[in-house]
Structure formats: structure tokens, C-alpha cells
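Contents: one structure, followed by commentary.
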Amino acid sequence: MSNDKKAIEKITSMDEDFGQWYTDIVKQAGLVDYTSVKGCVVICPYGYAIWEHIQRILDSRFKETGHENVYLPLFIPEGLLNREKDHVEGFAPEVAWVTQGGAEELTERLCVRPTSETLFCEHYKNAVQSWRDLPKLYNQWCNVVRWEKTTRPFLRSREFLWQEGHTLHATPEEATEETLRILDLYADFCEKVLAMPVIRGRKTDSDKFAGAEATYAIEAMMHDGKALQAGTSHYFGDGFARAFDITYTTKENKLAHPYQTSWGVTTRLIGAIIMTHGDDRGLNLPPMVAPVQAVIIPVAQHKEGVLDACKALEEKLKSVCRVKLDASDNSPGWKFAEHEMRGVPVRIELGPRDIENGECVLGIRYSGEKRTVKSDELERILPALLDEITQGMFDKALENRTNRTYSVKTLDEIDAVLKEKDAFFYIPWCEDPACENAIKEQTGVGSRCIPFDQHAQETDVCPVCGKKAKHIVLFAKAY
RNA sequence: CGGGGUGUAGCUCAGUUUGGUAGAGCGCUUGGUUCGGGACCAAGAGGCCGAAGGUUCAAGUCCUUUCACUCCGACCA
């Protein structure tokens, strides 16, 4: 047990200080390194590999649904950014500006993109002439910059990586359908791939994207009961098209504005993974995005035949999962703890005893369970085991959310729960922003979304003003 | 942006009160013994003490400025 203690000393307990726990994991697991630029980190190979798996899986799903990848410039001229009033007001406080090129001051300063709606609009104005040009289904993988005041690796950094989809459609119905199709795609990705349950819903007007007609989001609960927005999808109507004068000729030879959407997920998803699945032993990665899905740990590797058996096993398993042999000269105990800390879903122990019996010992990261299995069955067992783990991790996260979710009728009920723990609250709401704000002021929880799953009852009333409720709204503290 | 904390070896920190030769543990390198939950012995390498100014015979230590990290709030993917 003294060994366990030593292992845990590196990582602050999550019950003691969740914020410090998060920072410890990010550093200890080798996901990021800090730099001399505030709010900008090095994403280290292990962290970047997670992002690459997220990219790979999402990208193929975007392409399956007809989207094409493009790349637009890093810089946006000030005049272009200013074309849509709500949009610029929303983003102005957090944009970085380039004012000089070489030795010369620029006549018009350039904003480093915080998001690319304006650039896409400029391009679409040229690219779209006819109804035959629609829909336009573009996506780009890139970095964006937002000059945040307080920063945290993955959760809030000044530069972050993301994908931003921007689409144009002939009708509001088509555009709305696209907006919701992507929201579903995101939700499915989070739940099936990242093993992270999410709640789909629409943002209240006060929480909408700058310039959007409707913003939809998926909200996930972190282990400490706080909410994290894991992805957003916006419906713009024809607002941007009008501001940027994008028109096309319809089948009936009439001039019309197209309807537009945008949607994105970011490297924040890595933060979400950490805070959803991690524990006091470290990171805990969902198998589908884990850079290493199974690590082989030789026991008594100096003994005749052990290392050879491990290498043979590694070769054999390569075709069924991402497997890695740790043949370093650290002790087995050290390796157990290290790979646990890095969140490797499955550990395969192989020592002289096992080799003799034709067995090996599996360690399951998320549950701590150990299983002894026949070595020659591993190829068959592993893929199914990885799926089982994904499901198990999802169930565990869902259980945490269920245990921390309350439907309440009064603000006092919220206060009572918050004394114990952070949680999700379903609150009936009259749709008056003043009441939404009052709930936040009085309890500390803010509106996250109006979930698609509504169980409003006729008798439900807004706990602030007492008027009849129009929606049940999800409230929570948020990252 | 408000309030706390911290910058000294790759990491965690001591040394700062009272100015006087740059320290420890871990990690790293080499050799050897170990190996079923963070092993051990020996020998080594590693620093303009976050940065810039100032005070002083002398600054990690005192003064000024600034940058970054971190935690808690307000705002945000």
C-alpha cells in the first residue's frame, strides 16, 4: 500500500481540489507543456494523438454526410469583421489584432480569426450564383484565437484547435435540418466514441452565439457536477447572407438569400474526457480515442523467453488494436502505475508463470478489475473488451450524472443541494430573461440549455415570478 | 478584470525573515543486482535563482517595473 501512496502523491485528490487535480493530470499524463506565451500550450505527442483520433473519426463522419474540407486565411480585415453587427459585438472584446507587417504599419488592421463566419461569407458571395450551387457544405480544421482573461489547458486557452463547419442552404428548413443533424452527430460521437453522456438542447436567447438566430448545444456533466459545453451548432437564418450580400438565382429566376449554419467542436473535448472519466489514479481514456488501447507489461523480463513472448504477442495483437509493449527497464509495478496514470484502457501482464500456463492477466483501467485469460484468445477477446469498456465508462458517467440531477420547483431546493454538491437542475421557466438572470444571481447556477427532452407539466410555474412555465431548462454551474 | 498563491536543476521544493562560496529529494547518464502494484547499490552530469532596471564592496535574498503559471470569483468553445 505504501506504493499506492507514492503513486498518488503526484496527483492531487479530486475531492480535495478538482482544479488542481485537473492540472496535475494534464501535466503528469504528458498531454501538454506550458510555454512562455500566456494561454498557449504545447500539445505534446500523447495529447495530440488523442486529438488526431477525434479528428479522424469526426472527419470521416462529416464526409459521410456530404461535407468537404477547405482552408481559409488566419487573418480577417477589420472591415470584414464589422459587417455583421451582433457578431462583431460578441467577438470584439476577445480578438487579437495584427497592426504591423514587417516594418510597416498596416492601413487596415487584421484580426486573428476568433471564428470564420465572415471569411466564409466573403467567399460564398463569390462562390454561389445559382440554386445549383446549393447546398454548400464546408468544414475546416484550424486554430483560432480568443484573448481570454483566465486560461486553462484545453478548457480555455487563447489559441485552440477546432473544426468549424459552415453551410449554405436554399431553405430555412434545410438549414435547420443541417443544424440539428450535426448536433446529433456530435451527441452520438460524444456518447458512443467518448463514452460521455450529453444533453441536447437549445440555448436561451441570452446565451446564443453572436449573430445566430438559434444556437443548439450538447452539455456534458463533469465528474464534479459542473457542466461543460461539448459542442455547438448554430442556425443563422439569412442574417449573415443579408449582411454580406450573398445572393443566388432560384429555379424560378428570382434573386434570393441562402440560409446558413455553423457548428464546431474543439480541443476542449480532451478536457471533457479528462474531467468525465479521470480519477485519483490519473487519466482514463475512452478506448476509441486512446493512443494506446492495450499495453503489454512483461514481468521478470530478464528471464529467458519473456520478452520474446511479449514481442510475439504485440505482433499478433497489432491487427486488432493499438497495442504497445513496454520493454523499458522500469519495474513492473512502476509500469502498472504509469500506464494507469496515462489512462491506457487495458493492461496485459505477461510473466513466466503466465507463459507456462498459456495465459495472461488483463487489467481494466476504468474499473480496476483483473481477469486471467488464455493468451491465444486475446485476438478475439480484445475488440469486444474495448467495446465493453466504452459502454462501462459511459454507464459510470451516466450514473454520476443521474446521481447529481434534480428537478426542482423552488430556488430553496437548489440552495439545499448546492450545499452538498454541484449538480444539474431542471427548472421550469417562463421565458423571461430577467427570471433566468435572477436564478443565476440568487443560486449561482446558470442556464445551460432548453433540453429537447421536455417533461413540462401543466402546473409548472417559474420559481421566480410564478407565471406559467414555457420550458423546463437545464441549469448548472459551468466551466 | 477583481481576490489569493507561486516563479531557484527536467520535476517537487528548501534557502529570502537577518545580503557574504548554489542546496536536497526525485528524475537523468553509466555500471551492477533486481522484477506478479511506483526496487536497490555505486559513480557521475546538470543552475546568469522568471525578465529588466536600481541600491550595495557584495543581491536568490532589499527596492521598482514587468512577464508567466496556478487557485477562487465575473465572462467565455
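Counting in the numbering used here, the first sequence runs from 924 upward without gaps.
Glycine included, C-beta positions come from ideal geometry on N, C-alpha and C.
Span of the alpha helix (DSSP H) holding residue i?
i       : result
His1262 : Pro1255 to Met1264
Cys1233 : Val1229 to Leu1240
Gln951  : Phe941 to Gln951
Tyr969  : Pro968 to Glu987
Phe1375 : Premise fails: Phe1375 is in no alpha helix (DSSP H) and is neither H nor E.
Thr1313 : Leu1301 to Asn1326
Asn1360 : Pro1356 to Thr1366
Phe1163 : Gly1162 to Ala1166
Leu1106 : Pro1095 to Asp1111
Asp956  : That residue, Asp956, is in no alpha helix (DSSP H); its beta strand (DSSP E) goes Val955 to Tyr957.
Tyr1047 : Glu1040 to Ala1050
Any idea if residue i is buried or exposed, counting beta-carbon neighbours within 10 angstroms, 16 or more meaning buried?
i       : result
Trp944  : buried
Asn1049 : exposed
Gln1224 : buried
Glu1359 : buried
Lys1241 : exposed
Ala930  : Low per-residue confidence applies at Ala930: pLDDT is 44, beneath 50, and the placement is therefore not dependable enough to give any value.
Gly1291 : exposed
Thr1313 : buried
Lys928  : Bear in mind that a pLDDT of 39 at Lys928, under 50, signals an unreliable position, so the model cannot answer this.
Thr1382 : exposed
Val964  : buried
Tyr994  : exposed
Leu1178 : exposed
Pro1351 : buried
Tyr1139 : buried
Thr1189 : buried
Tyr957  : exposed
Ser959  : exposed
Ser1251 : exposed
Cα-Cα, which of the options is closest to residue i?
i       : options                               : result
Val1116 : Met1316, Gln1380, Thr1170 and Glu1322 : Met1316
Thr1041 : Asp1345, Glu939, Gln1183 and Val965   : Gln1183
Leu1060 : Asn1066, Val1051, Arg1327 and Val1067 : Val1051
His990  : Glu1354, Ala1164, Thr1090 and Glu1237 : Thr1090
Ile1304 : Gln1023, Val1284, Asn1323 and Gly1291 : Val1284
Pro1374 : Phe1083, Leu1103 and Thr988           : Leu1103
Gly1160 : Gly1201, Gly1134 and Ile1141          : Gly1134
Leu1230 : Ser959, Lys1239 and Gly1274           : Gly1274
Gly1002 : Asn992, Ala1015 and Tyr994            : Ala1015
Lys1234 : Gln1023, Ser1298 and His1262          : Ser1298
Leu1301 : Ala1339, Trp1064, Gly1205 and Glu1238 : Glu1238
Ile977  : Glu1007, Ile1196 and Ile999           : Ile1196
Thr935  : Asn992, Val1121, Leu1206 and Leu1084  : Leu1206
Lys1131 : Asp1111, Gln1152, Glu1272 and Phe1112 : Gln1152
Could you check whether residue j and residue i sit closer than 8 Å to each other, using their CB atoms as the reference points?
i       : j       : result
Ile980  : Phe1077 : no
Ile1105 : Trp974  : no
Glu1336 : His1394 : no
Glu1017 : Pro1037 : yes
Asn1066 : Glu1082 : yes
Glu1087 : Ser1039 : yes
Pro1000 : Glu1028 : no
Ala1361 : Val1331 : no
Asp1338 : Lys1400 : no
Leu1397 : Tyr1349 : yes
Excluding the 5 residues flanking residue i on each side, which residues of the same chain have their C-beta closer than 7 Å to its C-beta?
i       : result
Pro996  : Leu1042
Leu1199 : Here residue 1199 turns out to be Thr, not Leu, going by the sequence shown. Closer than 7 Å at Cβ, skipping near neighbours: Met1119, Ala1143, Met1145, His1146 and Ala1320.
His1092 : Leu1057, Pro1058, Ala1098, Glu1101, Pro1181 and Tyr1182
Cys1385 : Pro1351, Trp1352, Cys1353, Cys1358 and Ala1392
Ile1169 : Cys1044, Tyr1047, Lys1048, Val1051, His1180 and Pro1181
Ala972  : Pro1214
Once the 5 residues before and after residue i are set aside, which same chain residues still bring their CB inside 8 Å of it?
i       : result
Arg1245 : Ala1213, Pro1214, Val1215, Gln1216 and Ala1217
Pro933  : One detail in the question is off: residue 933 reads as Lys in this sequence, not Pro. Here the set comprises Asp947, Gln951 and Met1264.
Gln1377 : His1394 and Ile1395
Met924  : Model confidence at Met924 stands at a pLDDT of 28, short of 50, so the residue's coordinates are unreliable; what they give is reported in the following sentence. Closer than 8 Å at Cβ, skipping near neighbours: no residue.
Thr1333 : Pro1386
Which same chain residues end up closer than 6 Å to residue i when comparing Cβ atoms and leaving out the 5 residues on each side of it in sequence?
i       : result
Phe941  : Asp1147
Asp1249 : Val1218, Ile1220 and Lys1258
Val1021 : Leu1033
Thr865  : Within the shown structure, residues of the chain are numbered from 924 to 1402, placing residue 865 beyond reach of any answer.
Arg1448 : What is shown of the chain runs 924 to 1402, which leaves residue 1448 out entirely.
Pro1210 : Gln1216, Pro1268, Leu1309, Ile1312 and Thr1313
Would you mind reading off the limits of the beta strand (DSSP E) that contains residue i?
i       : result
Gln1086 : Glu1082 to His1092
Met1144 : Ala1137 to Met1144
His1200 : Counting along the chain, His1200 falls outside any beta strand (DSSP E), though it belongs to the alpha helix (DSSP H) covering Arg1191 to His1200.
Cys1034 : Glu1027 to Val1035
His1010 : His1010 -> not in any beta strand (DSSP E); alpha helix (DSSP H) instead, spanning Lys1008 to Phe1014.
His1394 : His1394 to Ala1399
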